[in-house]
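Counting in the working numbering, the sequence shown tops out at residue 602, every number present.
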Amino acid sequence: MYSEANIVILCLQLIGGHIGIPLLIFTFIFMRRRRSLVVVHFCISWIIFSISNTLLLYGPTPLDALTSQGICLLAIAAADGSTAMTTLSTFNLLFHLYLCLIRPAWFSQPQTKHRIKYFLSYSPYVLFFIFFFQTYAWSAPTSGVEGPNTFSLHFCTDTGLIWAPGYFFAVALMGLGALLDILIVVTLIQKRSGPITEKKHFTDILIRMSLFTVYRTIYMVLYIVVTLGNGGHIKVGKTELSNLSQVVGYVKAANPLLVVLILGTKSDVLEFWGIKTPSRFRTHYTPCQEALNSGKATRCTCEKFDDPDELDDAVHDMAEMIKRRDVESGRDFDWGKSEGTSTDVTLRGHSINNVEY
């Protein structure tokens, strides 16, 4: 029978990674404002993470001697690979946001932009297989004698170090991701000198980005404490260590659900499912539209699409209105050249090659 902890973990994984994120990707496909390829593959990586961390729960309960070895090895290899993969996909998403907000010149050439986009989207899968097969390689006993890391009946509960490369890589990359978060936040605060209408837009980006960073940091700290406690490197009582291990399991299982909450509560996603949001919570193009109506300039940061053909009618209308206003005011602006670039986006120097988050 499943333990109470396993039932909670399985429910969290089912709601978040098995149902919520696939439904979110379905929404992204059919929405008028499409998401970047980097965002979509970020979601896919968390589906793989969710499946990898529930393989043992799908197996025989309790595990018997004939099946436990293969299932345990597959589950641990998949968990190691998916941990590294999701950490890289999260970092890549942050780096994509960094390029979009801070270094838009990197996207000035369409060919370069597509190469960056494809690299950020698909590189996490390569990392998954690297650490997946690393776990299999380390599980083979070189001396022919079973050890704590080897493929054996007790593989599921041993205290070996077979997990170390993937998790230490993940911890290091989380640290870099946290620094990137701080860099983005500091830069945005320094640039936050535009109209009041921008505040909602910046607040939305900062809150969602910071929430995931804080959550990942909490999980990282808890995991390190549990790992050091299990290895006897720090003094933690058995009861406290057992309770903390259970909490770490819950926090880990809730990761995909948090992805759903962060990406699925955007106003356009809710409206796709018929959930109306008050106008004060709508961040998509609101600053741009309000500034356009009032005749002021504003910064439409990182509301970016991958292809001009993906722009919805409202954005096309907005672009035409801006173009007419620039022509009437005598501004010399080459609209043909701007449409395929991604410069610092304002209503005075326009670029519509935008990426949606």
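In this text, a Cβ means the ideal position worked out from N, Cα and C, and glycines have one as well.
Inset, instruction - Tell me where the alpha helix (DSSP H) around residue 509 begins and ends. - result: For residue 509, the uninterrupted alpha helix (DSSP H) run begins and ends at 500 to 509, by DSSP.
Inset, instruction - Throw me the rounded Cβ distance for the residue 323 and residue 297 pair, which I believe falls under 8 Å. - result: That pair is a contact at about 4 Å.
Inset, instruction - Alpha carbon to alpha carbon, how far is residue 457 from residue 375? Give it in angstroms, no decimals. - result: Each residue's CA atom was taken as its position, placing residue 375 and residue 457 some 26 Å apart.
Inset, instruction - Drop a sphere of 10 angstroms on the beta-carbon of residue 593, count the other beta-carbons inside from all chains shown, and report buried for 16 or more, exposed for fewer. - result: Bear in mind that the predicted position of residue 593 carries a pLDDT of just 34, short of 50, making it too unreliable to give a figure here.
Inset, instruction - Along the alpha helix (DSSP H) that carries residue 300, what are the first and last residues, could you check? - result: For residue 300, the enclosing alpha helix (DSSP H) covers residues 300 to 303.
Inset, instruction - For residue 549, count neighbouring Cβ atoms within 10 angstroms of its own Cβ and tell me buried if that reaches 16, exposed if not. - result: With a pLDDT of only 41 at residue 549, under the threshold of 50, the placement of this residue in the model should not be trusted; the figure read from the coordinates follows. That one is buried.
Legend entry - When 343, 468, 469 are compared against residue 362, the one with the closest alpha-carbon: The residue with the shortest Cα to Cα distance from residue 362 is 343.
Legend entry - residue 382, buried or exposed, once every other Cβ within 10 Å from all chains shown has been counted against 16: It is exposed - the Cβ of residue 382 has fewer than 16 other Cβ atoms within 10 Å.
Legend entry - Reduced DSSP secondary structure (H/G/I, E/B, other) of residue 383: It is helical.
Inset, instruction - Please look up how many angstroms separate the CB atoms of residue 326 and residue 273, rounded, as I've assumed it's under 8 Å. - result: With a beta-carbon spacing of about 25 Å, residue 326 and residue 273 fall beyond the 8 Å limit used to define contacts.
Legend entry - Beta-carbon proximity of residue 252 to residue 498, cut-off 7 Å: In this structure, residue 498 does not lie closer than 7 Å to residue 252 by Cβ.
Legend entry - Extent of the continuous alpha helix (DSSP H) to which residue 352 belongs: Counting along the chain, residue 352 falls outside any alpha helix (DSSP H), and DSSP gives it neither H nor E.
Legend entry - Where residue 378 falls, given that 16 or more other Cβ within 10 Å makes a residue buried: Classification of residue 378: exposed, given that the 10 Å Cβ count is below 16.
Legend entry - Distance between residue 348 and residue 412 (C-alpha atoms, nearest Å): C-alpha separation (whole angstroms): 30 Å.
Legend entry - Span of the alpha helix (DSSP H) around residue 512: From DSSP, the alpha helix (DSSP H) with residue 512 extends over 512 to 517.
Inset, instruction - Using a threshold of 7 Å, state whether the C-beta atoms of residue 384 and residue 300 are closer than that. - result: In this structure, residue 300 does not lie closer than 7 Å to residue 384 by Cβ.
Legend entry - Distance between residue 503 and residue 484 (C-alpha atoms, nearest Å): One C-alpha to the other measures close to 28 Å.
Inset, instruction - Taking all protein chains shown into account, decide if residue 417 is buried (16 or more other Cβ within 10 angstroms of its Cβ) or exposed. - result: With fewer than 16 Cβ atoms within 10 Å of its Cβ, residue 417 is classed as exposed.
Inset, instruction - Compare the Cα-Cα distances from residue 426 to each of 415, 486, 452 and report the closest residue. - result: Taking only the C-alpha atoms, the option nearest residue 426 is 452.
Legend entry - CA-to-CA distance, residue 338 to residue 359, given in whole angstroms: Taking the straight line from one Cα to the other gives about 15 Å.
Inset, instruction - Just mark residue 389 as buried or exposed, buried being the case when its beta carbon has 16 or more other beta carbons within 10 Å. - result: Any answer about residue 389 is weak, because its pLDDT of 44 lies below 50 and its placement is not dependable; what the coordinates show is given next. So residue 389 counts as exposed.
Inset, instruction - Output yes or no for whether 7 Å exceeds the beta carbon distance between residue 263 and residue 366. - result: Against a cut-off of 7 Å, the Cβ pair of residue 366 and residue 263 comes out as no contact.
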